[in-house]
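For reference, the structure is listed below as structure tokens.
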């Protein structure tokens, strides 16, 4: 997922980077989240990202908000990133947390 490109970036025949906001609207993602949360298949949602340059609370909150629309307010969400020398962490809501491991 990419956060600052204006359009999708095709890296190969099988890999396309998509804008975060567009990916969060995808029907396949909503169906997966809805099925997992309704059937108690998920204990939590874990998001691994290669990099979020600054602790950009707006993009983090967008991710959490869109997921919360499908799974409700109490499903734990953990966002983990790397690729930056600075460690960071942030409580996004009562059940959501962001951590950047640093290098």
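Numbering (the numbering used here), first residue to last: -19 to 83. C-beta: ideal position from N, C-alpha, C; glycine also.
> With burial defined as no fewer than 16 other Cβ atoms inside 10 Å of the residue's Cβ, what is the status of residue 51: buried or exposed?
Replying inline: buried
> In the structure shown, what three-state DSSP assignment does residue 38 receive?
Replying inline: helix
> So what's residue 10 in DSSP terms, helix, strand or just coil?
Replying inline: helix
>> Output needed for residue -16: all residues of its chain with C-beta closer than 6 Å, excluding positions within five of it in sequence on either side, in chain order.
In response: Any reading at residue -16 must be qualified, since the residue scores a pLDDT of 49, below 50, and its modelled position is unreliable; no value is offered.
> Cα-Cα, which of 40, 45, -4 is closest to residue 151?
Replying inline: In the structure as shown, the chain starts at -19 and stops at 83, and residue 151 therefore has no counterpart that could be examined.
> Under three-state DSSP, which class holds residue 54?
Replying inline: coil
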